[in-house]
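A.B. asks:
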Amino acid sequence: MTSNLNIEPDIKISIKQTFGIDTDMKIKEMTMCDLRSVLNKMKKTTSSAGDGLSMDLINKMKQSLLPLILHTANLVIEIFPTCLKVSRVVPINKNIDSDLDPMNYRPVNLIPALSKIFEKYWARLILKHLKKYDLIAENHQGGLAGRSSVTTLLE
């Protein structure tokens, strides 16, 4: 099953006119190999967003959970469930002396583990598509491996 990435028609036309290529993108179903690859690259954290699922737990129960995660991933290609969009913000102490001063805390957003897995997979697909059609500007730095604001300054 593949799904079209919804792009406004006028944007599609301008991309096609500008670059002379058909850039329609198909989101392909995740395979077990894709899922294992994504999970192997993720940090095995013990935090959860309130759903009780942490990356550490998923890793420990891979044998049982992977088929369920894979099935879920392929169901949510077109409609992403609201429950996976909800994150939990928790205050984390900056390791400063006083625990009583609110300024000594920074907010951390805890995202559901399944959302992280799906996001990582889809980001990989989108980046592959953008590279295939050379749609990333040469001087673009954000979100690309090996590039940052520092590499921009060094160029």
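Note that this note's numbering has the sequence shown beginning at 2, numbered continuously upward.
Glycine included, each C-beta is placed from N, C-alpha and C at the ideal position.
On a predicted model such as this, the values are computed, not experimentally measured, just so you know.
(1) Going by DSSP, what residue range makes up the alpha helix (DSSP H) through V39?
(2) Over what stretch of residues does the beta strand (DSSP E) that includes K27 continue unbroken?
(3) On a CA-only basis, which of I127, I118, D135 and G147 is nearest K45? Give me that one, please.
(4) Give the single residue among N75, K42 and N110 whose Cα lies nearest to the Cα of S48.
(5) Identify whether Y122 lies in helix, strand or coil by the three-state DSSP scheme.
(6) Which residues bound the alpha helix (DSSP H) around P68?
(7) For G51, which residues from the same chain have a beta carbon less than 6 Å from its beta carbon, with the 5 sequence-adjacent residues on both sides left out?
(8) Let me make sure I understand the geometry here. Which of R125, I137 and S149 has the alpha-carbon closest to that of K29?
(9) Do you know how far the Cα of G143 is from the Cα of I59?
(10) Under three-state DSSP, which class holds N140?
(11) Would you mind reading off the limits of the beta strand (DSSP E) that contains Y134?
(12) If you count every other CB in all the chains shown that lies within 10 Å of the CB of V39, and 16 or more means buried, which is it?
(13) Could you spell out the range, first to last residue, of the beta strand (DSSP E) harbouring R107?
C.D. replies: Let me spell this out:
(1) M33 to K42
(2) Unbroken beta strand (DSSP E) run through K27: K27 to K29.
(3) I118
(4) When C-alpha distances from S48 are compared across N75, K42 and N110, the shortest belongs to N110.
(5) helix
(6) K63 to L76 is the span of the alpha helix (DSSP H), which, as asked, contains P68.
(7) Within the same chain, and ignoring the five residues on either side of G51 in sequence, the residues whose Cβ sits closer than 6 Å to its Cβ are R89.
(8) R125
(9) 29 Å
(10) coil
(11) Note, Y134: premise wrong, no beta strand (DSSP E); not H, not E.
(12) buried
(13) Y106 to L111
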